[in-house]
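Number 278 in the working numbering belongs to position 271 of the sequence shown; there are no gaps in the numbering. Just so it is clear, CB atoms sit at the ideal spot from N, CA and C, and this is done for glycine as well. All values reported here derive from a predicted model rather than from experimental measurement.
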Amino acid sequence: MKKRILIVVGTRPNFVKITQFKKVAEKYSDLDLRIVHTGQHFDAKMSDIFLKQFKIEVDYFLDINGTTANSLIGHIILKLETVISEFNPDLLLCVGDVNSTLAAAICANKLKIKLGHIESGLRSLDKEMPEEVNRILTDEISDICFVTEKSGIQNLKKMGKKDAQIFFVGNTMIDTLVHFKSEIEASTILEEIQAEKQDYFLVTMHRPRNVDTKQALLKIIDLFENTTKIKKVVFSIHPRTLDSFNKFGLFEQLNTIENLTIIEPQNYFSFQKLIAHAFCVITDSGGIQEETTFLQVPCITLRENTERPSTIEEGTNTLVSFKTDEILEAIQEIFKGKLKTATIPKHWDGHATERIIKKSMEFLV
8 MKKRILIVVG
18 TRPNFVKITQ
28 FKKVAEKYSD
38 LDLRIVHTGQ
48 HFDAKMSDIF
58 LKQFKIEVDY
68 FLDINGTTAN
78 SLIGHIILKL
88 ETVISEFNPD
98 LLLCVGDVNS
108 TLAAAICANK
118 LKIKLGHIES
128 GLRSLDKEMP
138 EEVNRILTDE
148 ISDICFVTEK
158 SGIQNLKKMG
168 KKDAQIFFVG
178 NTMIDTLVHF
188 KSEIEASTIL
198 EEIQAEKQDY
208 FLVTMHRPRN
218 VDTKQALLKI
228 IDLFENTTKI
238 KKVVFSIHPR
248 TLDSFNKFGL
258 FEQLNTIENL
268 TIIEPQNYFS
278 FQKLIAHAFC
288 VITDSGGIQE
298 ETTFLQVPCI
308 TLRENTERPS
318 TIEEGTNTLV
328 SFKTDEILEA
338 IQEIFKGKLK
348 TATIPKHWDG
358 HATERIIKKS
368 MEFLV
């Protein structure tokens, strides 16, 4: 009898982490693996275009449109329960740290379905971050924990997880980078925005504390007014960030900065090419810290903490407070070639998906 595994995803970062699962699952004649998309990210540029690029076949679409975190989580639990009742999985795999992750974990737990967490054990130690709370709660009720980096092992042991529940498998997001390398290089995005390799800063910003107030947006403008004097700045503007600039009437001020190119969210291949050929990346994203480390591109992360310490201890990432003078100082360190010698963390080799499915099948025996 076939083992049944259900993977639940809901956001763009989730999709990037599951691109190889169905391909690997085809190697197992005794496995029926299906994917649920909750609909947490339903915007065409934030969702659909990724699914099409990766050719991900979604088996169930929940079409959730919650306006608050609580309503979103509640609706996902209710609709996912119907899918679980129909498919009757032996194991549910949830991914990352978004609201869909927590909702799927709660639903599986209440229905007595074995639960696995992909990207388990990451900790920023900042419970003001919604993602941190999602991680902790999901890990607490997970039966099997798939870890991307060494810090995750220790974090899980501290919360009482047993060795038999923890598997250091590597990073499935890197599997996607490796698999689609040729498609990424084929992108013409640099020509489209007239950017030269290694001659621009790539910037992304979307976390509430960095974009939700007028004061925060004025800091972004001040940063760009200074960094554009050094190199071209390519600002990939998140819908949340754009809405905020419009809300406070600051978009025109942003848009008039010389040597600043504002672009809307890109498809995966184009955005990865922008990362790969940037002089450095300035971001508040979690996943980009990992992608820059793998691609060996300097990364300045505008946060007080990171749940991905391997990107600092081994990789190309540097944490900097959101102060223009400190950011400019970090940029000068890169110019001086003082970036620490970076290595790629263990198991970030393109085979994490294979390890997860192998361990999942062994777990279900």
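Using only alpha-carbon positions, find the residue among the options that is nearest to residue i.
i, options, result
"M136", "V372, I14, N233, R310", "R310"
"H245", "K238, F231, E271, I200", "E271"
"L156", "D146, S131, S127", "According to the sequence as given, residue 156 is Glu; it is not Leu. It is S127."
"Q279", "F187, T350, V327, T248", "F187"
"F57", "T263, T183, L302, H284", "T183"
"V210", "V140, F286, M180", "F286"
"I143", "Y275, N162, S158", "N162"
"D146", "D104, G46, H354, G293", "D104"
"V102", "R130, T179, F61", "T179"
"N262", "V288, D66, L225, Y275", "L225"
"F370", "V240, G123, V304", "G123"
"D55", "F208, G17, I289", "G17"
"T331", "G344, P352, F231, E298", "F231"
"K204", "V304, E340, I83, L100", "V304"
"G46", "P20, I334, A223, A337", "P20"
"V154", "F174, K169, K165", "F174"
"P352", "K164, E320, E139", "E320"
"V185", "I125, G293, V23", "V23"
"I1", "D66, K34, K221, E33", "As shown, the chain starts at 8 and ends at 372. That puts residue 1 outside it, with no answer to give."
"D206", "K9, M368, I338", "I338"
"K3", "I25, K34, M8", "The question about residue 3 has no answer, for the chain in this structure spans 8 to 372."
"A202", "H284, L13, S158", "H284"
"G357", "N106, K9, I25, L13", "I25"
"E88", "K169, T350, L13", "L13"
When burial is assigned at 16 or more other CB atoms within 10 Å of the CB, is residue i buried or exposed?
i, result
"D70", "exposed"
"G322", "buried"
"F342", "exposed"
"G256", "exposed"
"S149", "buried"
"V15", "buried"
"T74", "exposed"
"G167", "exposed"
"E265", "exposed"
"L132", "exposed"
"Q27", "buried"
"K134", "exposed"
"T299", "buried"
"N72", "exposed"
"E64", "exposed"
"K254", "exposed"
"S328", "exposed"
"S36", "exposed"
"G344", "exposed"
"A193", "exposed"
"A5", "Residue 5 lies beyond the residue range present for the chain, which begins at 8 and ends at 372; the question has no answer from this structure."
For residue i, which residues in the same chain have their Cβ closer than 7 Å to its Cβ, ignoring the five residues on either side in sequence?
i, result
"Q296", "C306, T308, T313, R315, T318, N324"
"Q260", "I228"
"R11", "D39, F94, N95, P96, D97"
"R247", "H213, V218"
"W355", "G177, N178, I181, F301"
"T360", "Q27, F28, V31, T179, D182"
"Q60", "N274, Y275, F276"
"L267", "F231, T235, V240, F242"
"I160", "G128, V154, I173, F175"
"L335", "N233"
"E190", "F276"
"I84", "A110, I113, C114"
Among the residues of its own chain, which have a CB less than 6 Å from the CB of residue i, if the five just before and after it don't count?
i, result
"D291", "M212, R214, N217, L309, R310"
"I269", "F242, I244"
"L118", "I91"
"K86", "L69"
"R130", "N162, E314"
"N141", "D104, T108, L109"
"K221", "F255"
For residue i, I'd like the list of residues in its chain whose CB is within less than 8 Å of its CB, leaving aside the five on either flank, ordered along the chain.
i, result
"F258", "L249, F252"
"K121", "D97, L98, L99, A115, D150, I151, F370, L371"
"E139", "D104, R130, S131, L132, D133, E314"
"I282", "L209, V288, I295, E298, T299, L302, V304"
Quick one: is the Cβ of residue i within less than 7 Å of any heavy atom of the ligand NAP?
i, result
"Q47", "With respect to the ligand NAP, the structure shown offers nothing to examine, as it has no ligands at all."
**Unbroken stretches of the beta strand (DSSP E), 3 residues or longer, contained in the region 99–158** = The qualifying runs are 121–127, 151–154.
**Message:** Count Cβ pairs between the region 107–118 and the region 78–87 that sit closer than 8 Å; are there 3 or more?
**Reply:** Output reads yes: the region 78–87 touches the region 107–118.
**Asked** Any contact of the region 198–207 with the region 223–237, i.e. 3+ C-beta pairs under 8 Å?
**Response** As far as the Cβ criterion goes, the region 198–207 does not touch the region 223–237, which means the pair count is below three.
**Prompt:** What beta strand (DSSP E) runs, 3 residues minimum, are completely inside the region 13–44?
**Reply:** Note on the region 13–44: whole beta strand (DSSP E) runs with a minimum of 3 residues are 38–44, in chain order.
**Asked** What beta strand (DSSP E) runs, 3 residues minimum, are completely inside the region 293–321?
**Response** Those beta strand (DSSP E) runs which fall completely within the region 293–321 and span 3+ residues are 306–308.
**Request:** Counting only runs of 4+ residues fully inside the region 206–243, write out the alpha helix (DSSP H) ranges in chain order.
**Result:** Counting only runs of 4 or more, we get 215–218, 221–234.
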